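Asker: Just dropping this structure here.
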Amino acid sequence: MEKKPNSRLPKVSRSSIKLRGQLSSDEILNADLHWVKILQRKHFEKEISDLSKGKLLEKTSSIYSLNPFVDEHGFLRLKGRLHFSDFEFGEKHPCLLPYKDQFSQLVILDSHNKLLRAGVEATLAQISEKFWIIKGRERVKSTLNRYSLYKRYKVRLRTQETDPLPPDRVLLSPPFSVTGLDYAGPFFTKGSNDKHY
């Protein structure tokens, strides 16, 4: 039986140009956006198709309440309240990521490491500058709790034992029975040039 070559994979010739050296920031950014586009097409295909044709989303869609739109490059983004701000377009309208996907998990762990193992809120704030993960707080919390490495750094706060109040503050006594005066001198009195302390 003869094996048929996989028609989905493009054929790469050996004579194709091989690039060497360090990756540029543009190449890394484009790779990131490339994965986001693939991911969105996989999870939100119907929503992207409807929005691209100018149709409204169905109310049964999981992202209906987020009021998304498709930008000129085909990314599914969120309309937000920061539309008139000075932020970059990606911060004002973050790309939408699904709840359950390996890429979302990698984004969470990457942000968590960049922030030197910060908590859920800081990690979520860092992610939301570029992406919006559906049920983000829940996803970040479950991802960080799943890995034992991060559990090690999670320290339980101990409550400090309080000492009893001093007797002067809790026992009944007449007013001004305990008084004190800070050094505030010298005082000049009327009628003489002498100093009084």
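First residue of the sequence shown: 10, per the working numbering; consecutive thereafter. Ideal placement from N, C-alpha and C gives every residue a C-beta, glycine not left out. For clarity, every value in this text was computed on a predicted model and none was experimentally measured.
Apply the 10 Å Cβ neighbour rule to residue 48 and answer buried if 16 or more other Cβ atoms are within range, or exposed otherwise.
Answerer: Here the question's residue 48 lines up with position 39 in the sequence shown. That one is buried.
Asker: Put residue 176 into one of helix, strand or coil per three-state DSSP.
Answerer: Translated into positions along the sequence shown, residue 176 becomes position 167. Of the three classes helix, strand and coil, the one that applies to residue 176 here is helix, per DSSP.
Asker: Hey, residue 145 and residue 136 are a contact pair by Cβ (cut 8 Å); roughly how many whole angstroms apart?
Answerer: On the sequence shown, residue 145 is found 136 positions in, with the first residue counted as 1. On the sequence shown, residue 136 is found 127 positions in, with the first residue counted as 1. With a Cβ gap of about 7 Å, residue 145 and residue 136 count as contacting.
Asker: Let me check you understand the geometry: is the CB of residue 145 closer than 7 Å to at least one non-hydrogen atom of the ligand FMN?
Answerer: The ligand FMN is absent from the structure shown, which contains no ligand whatsoever.
Asker: Please return the same chain residues whose Cβ sits closer than 6 Å to the Cβ of residue 148, not counting the five positions on each side in sequence.
Answerer: Taking the first residue of the sequence shown as position 1, residue 148 is located at position 139. Only 108, 142 meet the Cβ criterion.
Asker: I need the DSSP call for residue 79, collapsed to helix, strand or coil.
Answerer: Position 70 of the sequence shown, counted from the start, is the residue given in the question as residue 79. Strand, per DSSP.
Asker: Report yes or no: do three or more beta-carbon pairs, one from the stretch 44–60 and one from the stretch 68–88, lie closer than 8 Å?
Answerer: Because the criterion of three Cβ pairs below 8 Å is met, the stretch 44–60 and the stretch 68–88 touch.
Asker: Alpha carbon to alpha carbon, how far is residue 38 from residue 32?
Answerer: Against the sequence shown, residue 38 aligns to sequence position 29. Against the sequence shown, residue 32 aligns to sequence position 23. Between residue 38 and residue 32, the C-alpha separation is close to 10 Å.
Asker: Rank 171, 100, 44, 180 by C-alpha distance to the C-alpha of residue 110 and give the top, closest one.
Answerer: For this step, residue 110 is matched to residue 101 along the sequence shown. When only C-alpha atoms are compared, the closest one is 44.
Asker: Nearest-angstrom Cα distance between residue 195 and residue 175?
Answerer: Stepping through the sequence shown from its first residue, residue 195 is reached at position 186. Stepping through the sequence shown from its first residue, residue 175 is reached at position 166. Rounded to whole angstroms, residue 195 to residue 175 spans 33 Å at the Cα level.
Asker: Can you look up residue 185 in the DSSP assignment and give me helix, strand or coil?
Answerer: Translated into the one-based positions of the sequence shown, residue 185 becomes position 176. Correct three-state label for residue 185: coil.
Asker: Could you give the C-beta distance for residue 87 and residue 105, rounded to a whole number, given that I count them as a contact under 8 Å?
Answerer: As a first step, residue 87 must be located in the sequence shown, where it is residue number 78. As a first step, residue 105 must be located in the sequence shown, where it is residue number 96. The pair is a contact, with the Cβ atoms about 6 Å apart (cut-off 8 Å).
Asker: To the nearest angstrom, how far is the alpha carbon of residue 188 from that of residue 199?
Answerer: The residue you call residue 188 lines up with position 179 of the sequence shown. The residue you call residue 199 lines up with position 190 of the sequence shown. When rounded, the distance between both Cα atoms is 26 Å.
Asker: Counting along the chain, where does the beta strand (DSSP E) carrying residue 142 start and finish?
Answerer: Residue 142 sits at position 133 when you count from the first residue of the sequence shown. From DSSP, the beta strand (DSSP E) with residue 142 extends over 140–142.
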